[in-house]
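A.B. asks: In UniProt numbering, the protein residues as written are 1 to 615.
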């Protein structure tokens, strides 16, 4: 009998994996940490695997490790009670028992849908490009899915969620591991992510003759912490008397794909931040066909001038209630034409009137010198009048004012503060009638601009298209609120700068995916011709659809992956999302291939996941 040659192996470590309940075998090195004055394990590398669900059993060495220690090719290595036992390999390998991997069941339908949305939007590629180390992009996506499906940003709940849910990173992460993930997300990483997103989007969506409308919006996130450098008191959009951090997004209105993101000082008002965003847009090679769609908080003469100087196109919702403003002057000059029945448009069910504006500005201002205002650009001020809103405002004031008159004429006293305001603004004493009456003049002055919207643009001559662009922005703004309310992210829940930037960025990714999900459902509802299918989806909220899909289970076994049958309303949901119904697979599947190095070491986990993304 030939002598058994046992190789001298390096130090080995066995840790449990999450996929199929296997155990991975690693080599490692002990390195002295002079600062902590203790030894640490470094440079761990997977070299084998133990099937069967326990640490003990036959080790299946990786091919690369066998090449390094060729003696292992002729030896069976067993781990028993922490010791390694070497035996000659049996000649008849067919007699060796087959060890079945334990089966595992996951909630999978919702994350399967989110995977497809991410893959089709190039968001996954951008994350992999910006965060290639340690499978961080998989972890970011997994935590984002947790925020969307769990409807809570309490990270301590993630481990239980990951244990039962199919995720891009299919293993539990502790709260401390997630905190370290957040701490690794740096501003330059986010910058790389944004540049990839914009470059890819412009390359695949740019058309010379077509405007691409981008929803421009921001929100505030409150915090009790005194240690966050960005937290300052400002105009809080929730009315919280707390320090806040501002977060801004630019999103493609058609698809919901995010193109820009920034977290900044909470004391910075909305009207000021536009200038910085214009500079960033220029740096990221935004072209004139990318149109900023802005609400009333952002447009000012200085900001509009900056847009024109930098070739940034815009659709701006202008304030109509500012006396002496050029917007109100134009409304007054064209009021009769605007409210005339001749201006009614059946498509949007409102009156429309467009005014061409010759806007003067200084294209090349010099610091320290007076602006010349010699340059000129033609703008379009689209005015819209909704008679229903106008009449509703009139009705509310009339009813309350009539109540005030009734109380006063009966000798009563006005005690309620709101009714006192109504009395001061709209009620007068008529000497002729010897009674309190509603002043028609005061009411008409107050409601004159009710129901009127003014959109100023440098690029869209068609008033209906301009209106639709702004309406789409409102849809994106609604979805944007998921960051604060449905995802419970209106509080930072982070008390130090370390990890804060990464936490906010991950919440931004979750919001972006939620917006893309909502836009797909909205597009389906608008375009589907089958009333039967449309009605199944029409009255379902985003959250209800996700909850329904999340009940689709996935059975993972050694022989393949097996989904529940997908029929009825759940099948309609996948069609509404323009996603193929999941099918059973023998070897898994890969939506985005070639994005990770499956042999890369994972510094957060005891053992890494060595599978392709979304497998």
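Yeah, the Cβ is synthetic: ideal placement off N, Cα and C, and Gly gets one too. What you are looking at is a predicted structure, and each value in this text was computed from that prediction instead of being measured.
Using the C-alpha atoms, what's the distance from residue 560 back to residue 584?
C.D. replies: Numbered from 1 along the chain shown, position 584 holds the residue referred to as residue 584. Numbered from 1 along the chain shown, position 560 holds the residue referred to as residue 560. Each residue's Cα considered, the two are about 7 Å apart.
A.B. asks: Does the pairing of the region 318 to 337 with the region 446 to 461 give three or more beta-carbon distances under 8 Å?
C.D. replies: With the cut-off at 8 Å, the region 318 to 337 and the region 446 to 461 touch.
A.B. asks: Would residue 44 pass as a contact of residue 69 if the rule is Cβ separation under 9 Å?
C.D. replies: As a first step, residue 44 is located in the chain shown; it is residue number 44 there, counting from the start. As a first step, residue 69 is located in the chain shown; it is residue number 69 there, counting from the start. Against a cut-off of 9 Å, the Cβ pair of residue 69 and residue 44 comes out as no contact.
A.B. asks: If you follow the beta strand (DSSP E) that residue 621 is in, where does it begin and where does it stop?
C.D. replies: There is simply no residue 621 to check, as the chain begins at 1 and stops at 615 in what is shown.
A.B. asks: Would you decide whether residue 32 is buried or exposed? Buried here means 16 or more other CB atoms lie within 10 Å of its CB.
C.D. replies: By 1-based counting over the chain shown, the position of residue 32 is 32. Exposed, since its Cβ has fewer than 16 Cβ neighbours within 10 Å.
A.B. asks: State yes or no: is the C-beta of residue 109 within less than 9 Å of the C-beta of residue 519?
C.D. replies: For the purposes of this step, residue 109 is taken as the residue at position 109 of the chain shown. For the purposes of this step, residue 519 is taken as the residue at position 519 of the chain shown. Not in contact: residue 109 and residue 519 (Cβ atoms no closer than 9 Å).
A.B. asks: Quick check: the Cα distance between residue 395 and residue 347, rounded to an integer number of angstroms?
C.D. replies: Start at 1 with the first residue of the chain shown, and residue 395 comes out as number 395. Start at 1 with the first residue of the chain shown, and residue 347 comes out as number 347. Taking the straight line from one Cα to the other gives about 26 Å.
A.B. asks: What are the complete alpha helix (DSSP H) segments, minimum 4 residues, inside the region 381 to 413?
C.D. replies: Counting whole runs of 4 or more residues, the region 381 to 413 contains the alpha helix (DSSP H) stretches 387 to 409.
A.B. asks: I need the boundaries of the alpha helix (DSSP H) containing residue 502, first residue and last residue.
C.D. replies: Here residue 502 is taken as the residue at index 502 of the chain shown, counted from 1. Taken as a continuous stretch (DSSP letters only), the alpha helix (DSSP H) holding residue 502 covers 500 to 527.
A.B. asks: Taking C-alpha atoms, which residue in 287, 291, 398 lies nearest to residue 422?
C.D. replies: What you label residue 422 is simply residue 422 of the chain shown in a count that begins at 1. Among 287, 291, 398, the Cα nearest to that of residue 422 belongs to 398.
A.B. asks: Going by the CB atoms, is the gap between residue 420 and residue 381 shorter than 9 Å?
C.D. replies: Within the chain shown, residue 381 is the residue found at index 381, counting from 1. Within the chain shown, residue 420 is the residue found at index 420, counting from 1. Contact: no.
A.B. asks: Compare the Cα-Cα distances from residue 139 to each of 147, 129, 181 and report the closest residue.
C.D. replies: As a working note, residue 139 is residue 139 in the chain shown. Considering only alpha carbons, the answer is 181.
A.B. asks: Looking at C-alpha atoms only, which residue of 459, 552, 160, 372 is the closest neighbour of residue 293?
C.D. replies: Residue mapping note: residue 293 aligns to position 293 of the chain shown, counting from 1. The shortest Cα separation from residue 293 among 459, 552, 160, 372 belongs to 459.
A.B. asks: Name the one or two DSSP bridge partners that residue 453 has.
C.D. replies: Taking the first residue of the chain shown as position 1, residue 453 is located at position 453. Per DSSP, 384.
A.B. asks: So, residue 426 versus residue 438, is the Cβ gap smaller than 9 Å?
C.D. replies: Numbered from 1 along the chain shown, position 426 holds the residue referred to as residue 426. Numbered from 1 along the chain shown, position 438 holds the residue referred to as residue 438. Their beta carbons are under 9 Å apart, which means residue 426 touches residue 438 by this criterion.
A.B. asks: To test your reading of the DSSP string, which unbroken beta strand (DSSP E) runs of 3 or more residues are found completely within the region 284 to 312?
C.D. replies: Listed in chain order, they are 290 to 294.
A.B. asks: Which of the three DSSP states is assigned to residue 169 in this structure?
C.D. replies: Residue mapping note: residue 169 aligns to position 169 of the chain shown, counting from 1. Here residue 169 sits in coil by DSSP.
A.B. asks: In angstroms, rounded to a whole number, what distance separates the CA positions of residue 46 and residue 205?
C.D. replies: Here residue 46 refers to the residue found at position 46 when the chain shown is read from its first residue. Here residue 205 refers to the residue found at position 205 when the chain shown is read from its first residue. Residue 46 and residue 205: Cα-Cα distance of roughly 42 Å.
A.B. asks: Between 25, 155, 525, which has its C-alpha nearest residue 541's C-alpha?
C.D. replies: The residue labelled residue 541 in the question sits at position 541 within the chain shown. For residue 541, the nearest C-alpha among the options comes from 525.
A.B. asks: Please say whether residue 137 and residue 161 have beta carbons closer to each other than 9 Å?
C.D. replies: Looking up residue 161 in the chain shown gives position 161. Looking up residue 137 in the chain shown gives position 137. Not in contact: residue 161 and residue 137 (Cβ atoms no closer than 9 Å).
A.B. asks: Please report the Cβ distance between residue 260 and residue 250, rounded to the nearest whole angstrom; I am assuming they are in contact, meaning their Cβ atoms lie under 8 Å.
C.D. replies: What you label residue 260 is simply residue 260 of the chain shown in a count that begins at 1. What you label residue 250 is simply residue 250 of the chain shown in a count that begins at 1. Contact flag correct, Cβ pair sits at about 4 Å.
A.B. asks: Quick check on DSSP: helix, strand or coil for residue 51?
C.D. replies: Mapped onto the chain shown, residue 51 falls at position 51. Here residue 51 sits in coil by DSSP.
A.B. asks: Note down, in chain order, each residue of its chain lying with its Cβ closer than 6 Å to the Cβ of residue 553, except the 5 sequence neighbours on either side.
C.D. replies: The residue you call residue 553 lines up with position 553 of the chain shown. Correct list, in chain order: 105, 564.
A.B. asks: Where does residue 142 land, buried or exposed, given buried means 16+ other C-beta within 10 angstroms?
C.D. replies: One-based indexing of the chain shown puts residue 142 at position 142. Result: buried.
A.B. asks: In the DSSP assignment, what residue or residues form a beta bridge with residue 430?
C.D. replies: The residue given as residue 430 occupies position 430 in the chain shown. 435.
A.B. asks: Where do the ends of the beta strand (DSSP E) carrying residue 561 lie?
C.D. replies: Taking the first residue of the chain shown as position 1, residue 561 is located at position 561. 560 to 563 is the extent of the beta strand (DSSP E) around residue 561.
A.B. asks: Which of the three DSSP states is assigned to residue 81 in this structure?
C.D. replies: Position 81 of the chain shown holds residue 81. Residue 81 falls in the coil class under three-state DSSP.
A.B. asks: Measuring CB to CB, does residue 291 end up less than 9 Å from residue 202?
C.D. replies: Your numbering for residue 291 matches position 291 in the chain shown. Your numbering for residue 202 matches position 202 in the chain shown. No.
A.B. asks: Could you tell me which uninterrupted alpha helix (DSSP H) segments, each at least 4 residues in length, are contained entirely in the region 21 to 73, listed from first to last along the chain?
C.D. replies: Entirely contained in the region 21 to 73, the alpha helix (DSSP H) runs reaching 4 residues are, in chain order, 63 to 68.
A.B. asks: Measure the beta-carbon distance from residue 625 to residue 79 and round it to whole angstroms, keeping in mind my assumption that it falls under 8 Å.
C.D. replies: In the structure displayed, the chain extends from 1 to 615; residue 625 sits before or after that span and is not available.
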